[in-house]
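Chains as they are written, first to last, in this note's numbering: chain A, 453 to 731; chain B, 1358 to 1765.
Yeah, the Cβ is synthetic: ideal placement off N, Cα and C, and Gly gets one too.
Bear in mind that the values here come from a model prediction, so they are computed numbers and not experimental data.
Reading through the structure tokens given below for one structure.
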Amino acid sequence: MWEYTDEVKEHFLHPKNVGEIENADAVGEVGSLACGDALKLTLKIDDSETIVDAKFKTFGCASAIASSSALTEMIKGMPLAEAEKVTNEDIAKALGGLPKEKMHCSVMGREALEAAIADYRGVILPMAEGEVVCECFGVTDLEVRRAVQESNLKTIEEVTNFTKAGGGCGKCHDRLEEIIKEVRQESAAPVIPDQRPKRMTNIQKIKMIEDVLEREVRPTLRKDGGDIELIDVDGDFVTVSLRGACGSCLKSQTTLKEYVEKKLREQVLDTLVVEEGKA
Amino acid sequence: MISEATDKIVYMDNNATTKVAPEVVEAMLPFYADFYGNPSSMHTFGGQVGREVAEARLRIADLIGASPEEIIFTSCGTESDSTAILSAVQSFPDKRHIVTTRVEHPAVKNLCESLYSISGHKHKVTQLMVDNCGMLDLDKYEESLTDETAIVSVMWANNETGVIFPIEKMAAMAKERGILFHTDAVQAVGKIPINMAEVPVDFLSISGHKLHAPKGVGVLYVRKGTPFVPFLFGGHQEHGRRGGTENVASIIGLGKACELVGGRMDDENTRVKAMRDRLEEGLLKAIPNAILNGHKTERLPNTSNISFEYVEGEAILLHMDRFGICASSGSACTSGSLEPSHVLRAMGVPFTAAHGSIRFSLSVYNKEDEVDYVLEHLPKIINDLREMSPFWQEAMKKEAAGCGCGCK
């Protein structure tokens, strides 16, 4: 059960300005059936470039419908120049806030408004021209960059809540992480670059693993009378054998996961899985 | 909740949880403040409680044709599932393969997908596909079984669609090859007859709150002679197979509930089934572009999952909520994730329909006039939401024009 504000409930149960303006001066369409929400915004704009009427049709959940209704109420009677400055935060504020997982509904409202204004002016939105980062929901890097910057987003989860990017298969998470870093780096202090190489050959990987084991892991285990030996590396799976006191220690599984695997992930590759081999 | 909500509640979400039967509550109450002894105690005060627990165990065993020593009490269906699968994985450490399905409950699905982080071993997991009716291909199942297979875990009936899998056949096929078989039967027990004397299943999970007992109690059936490793280590309770002081009142409640559902099985499969069918047929008839999800007949008597195209599930649920109608949806928005139900996706339900799926699940407590009530209100709700949907008019135009391409 979502915690919706009274404003959201009111706009959802009694939405204002539902429909489609005939011979509209501006039409903005965003979203799709596959994505689970979509909004078609139609505007009537007079000669002084003021929005005199706005209507919407929305497919989506309660907060999508409420965001659309609140948006149309907000922009009716507004000069275009002012409407251009409406942000998703304004829409969310008009609704007394939205659950964080539902922020993308307010983003959809803003995008529909932008699309409608672009349609009126006969220009192409730059957003559509970016590189598609999230294939599941068709989100471009420009959309992600803007959301990170404007709403001060820090994590992939937040980006997903605002733009839906990364909410499907998860393949784009690495790229999203990069974009968040890039954008935040531009606005904040530089972060220490990751020294670990992104891709490496199996031989490079084995060498690095051996190096970490020799340099850090083995000396620690030897203090407790134990030892470790690398047996095999198969993709991300690292097979090792615990020797000496470790071999009979009840806590050896914890040592393997909490210590050895952690060290290797930190210093070699964060997808590595360490397991004990029967050698 | 939405302020316009009425006092009237029409509860059709029994696959989520059920009302605790009044008879069950009554049976439980003495075990809180009066007979609060520990069943393990030596004194009569505690010992008499132990006898009641044994009685409850017998009633549960009776419902599924098992013997009482094959019943282990747990805290929930999820614990039962985890216990069974992890037990098999530990009993056969050299077997690194598990067979399950694409449509399992998260209790099994997520466990199988996370096994390596728990056991430290990589397990190959075969997730069997289902067809668009939600049914499995038994030839594919047979092909998937190998010498490496530690356990098969397949649900008896699906929680979202109610589709029933041929567990008897599947368990027999595993048995022939000496492979352990687990079934998550939380939706099936109490709704359809189950007899462990005839079905060669090794592990079977039951959840109390799905059959009118309270939340927080479950059962794992373990066939006599099945290798077993406990999930919770501790005292000697459950013959050392599950540590922890017994949840006495809930166990007594579960025993009573099993006795009740055993006696109500006919009602469930006649009257409740007829109500479900009337609801389903009524909705499919009154609402255009409505599709039944799941096999028409190989299905639990209480469950109906219907997709209403071009509208979104959460919006439907919240409008029904105004009228006190309780149901569930497989839409993305209701789950907090951005993708619709994995069950509907596995069945190949198109996105146009998956987002607008609603599950009704009835129980013996539903009445005919409640079916009328839903049939009275839901068509208008769907119609209003469609009027608001940017896709509806377009779709209607296409259909009127007789778009012969089969697309929607």
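Residue i at chain B interface by Cβ criterion, 8 Å
i        : result
A/PRO531 : no
A/GLY678 : no
A/CYS513 : yes
A/GLY488 : yes
A/GLU727 : yes
A/ILE517 : yes
A/LEU694 : no
A/THR470 : Note on identity: in this sequence residue 470 of chain A is Val, with Thr being the wrong assignment. Yes, its Cβ sits closer than 8 Å to a Cβ of chain B.
A/LEU716 : no
A/LYS492 : yes
A/LYS703 : no
A/LYS537 : no
A/ALA731 : Note that A/ALA731 scores 49 on pLDDT, short of 50, meaning its location in the model is unreliable and no value can be drawn from it.
A/ASP722 : no
A/LEU708 : yes
A/LYS509 : yes
Sub-8 Å separation of residue i and residue j beta-carbons
i         : j         : result
B/ARG1453 : B/LEU1502 : no
B/LEU1568 : B/VAL1546 : yes
B/VAL1520 : B/ALA1514 : yes
A/ILE415  : A/LEU694  : There is no way to answer for residue 415 of chain A, as the model of chain A reaches only from 453 to 731.
B/VAL1605 : B/PRO1450 : no
A/VAL726  : A/VAL690  : yes
A/ILE543  : A/ASP505  : no
A/LYS709  : B/GLY1477 : yes
A/LEU495  : A/ALA476  : yes
B/VAL1574 : B/LEU1617 : no
B/THR1660 : B/THR1518 : yes
B/LEU1589 : B/GLY1600 : yes
B/ALA1672 : A/ALA514  : yes
A/ASP499  : A/ALA516  : no
B/ALA1684 : B/ARG1635 : no
B/ASN1626 : B/MET1369 : no
Status (buried if at least 16 other CB within 10 Å, exposed otherwise) for residue i
i         : result
B/VAL1406 : buried
B/GLY1761 : Residue confidence is low: B/GLY1761 scores 44 on pLDDT, short of 50, so the model does not pin down where it sits. No coordinate-derived value is stated.
B/PRO1463 : exposed
A/ILE608  : buried
A/GLU662  : exposed
B/ASP1624 : exposed
B/PRO1584 : exposed
A/HIS463  : buried
B/PRO1747 : buried
B/PHE1538 : buried
B/MET1399 : exposed
B/LYS1548 : buried
B/VAL1556 : buried
Below-8 Å beta-carbon distance, residue i vs any chain A residue
i         : result
B/MET1753 : no
B/ASP1364 : no
B/LYS1479 : yes
B/PHE1748 : yes
B/LEU1675 : yes
B/LEU1735 : no
B/VAL1668 : yes
B/PRO1523 : no
B/SER1501 : no
B/SER1424 : no
Contact belief for residue i with residue j at Cβ below 8 Å, rounded distance in angstroms
i         : j         : result
B/ARG1743 : B/VAL1668 : 6 Å
B/SER1714 : B/SER1688 : 7 Å
A/SER521  : A/CYS557  : Going by Cβ atoms, the distance from A/SER521 to A/CYS557 rounds to 11 Å, so no, they are not a contact pair.
B/VAL1482 : B/GLU1470 : 7 Å
A/LYS616  : A/VAL591  : 6 Å
A/LEU605  : A/LEU493  : That pair is no contact at about 25 Å.
B/GLU1595 : B/ILE1429 : 5 Å
B/LYS1630 : B/PRO1658 : 4 Å
B/ILE1608 : B/MET1677 : Between B/MET1677 and B/ILE1608 the Cβ distance is about 35 Å, and since that is not below 8 Å, they are no contact.
B/VAL1456 : B/THR1506 : 6 Å
A/HIS625  : A/GLY619  : Their Cβ separation, rounded to whole angstroms, is 10 Å, which puts A/HIS625 and A/GLY619 out of contact at 8 Å.
*In the segment 600-631 of chain A, which residues sit with their C-beta less than 8 Å from some C-beta in chain B, listed in chain order?*
Those would be THR612, LYS616, GLY619, GLY620, in chain order.
*Taking any Cβ of chain B, which residues in the segment 545-566 of chain A have a Cβ under 7 Å from it, in chain order?*
Shown in chain order are the members of the segment 545-566 of chain A whose Cβ falls below 7 Å from a Cβ of chain B: GLU553.
*Quick one, which residues of the segment 1371-1388 of chain B are near chain A if we go by CB-CB under 8 Å, in chain order?*
Near chain A, meaning a CB-to-CB distance below 8 Å, no residue of the segment 1371-1388 of chain B qualifies.
*Residues in the segment 1692-1715 of chain B with C-beta within 8 Å of chain A's C-beta atoms, listed in sequence order?*
Within the segment 1692-1715 of chain B, the residues whose Cβ lies closer than 8 Å to any Cβ of chain A are, in chain order, GLY1693, SER1694, LEU1695, GLU1696, PRO1697, PHE1708, THR1709, HIS1712.
*Name the residues in the segment 1429-1443 of chain B whose C-beta lies less than 8 Å from a C-beta of chain A; which are they?*
Answer in chain order: no residues at all.
_Beta carbons nearer than 7 Å to chain B: which residues of the segment 660-689 of chain A have them?_
Taking a C-beta cut-off of 7 Å against chain B, the contacting residues of the segment 660-689 of chain A are PHE689, listed in chain order.
*Against chain A: residues of the segment 1463-1495 of chain B by CB proximity under 7 Å*: Of all residues in the segment 1463-1495 of chain B, those with a C-beta nearer than 7 Å to a C-beta of chain A are TYR1473, GLY1477, HIS1478, LYS1479, reading in chain order.
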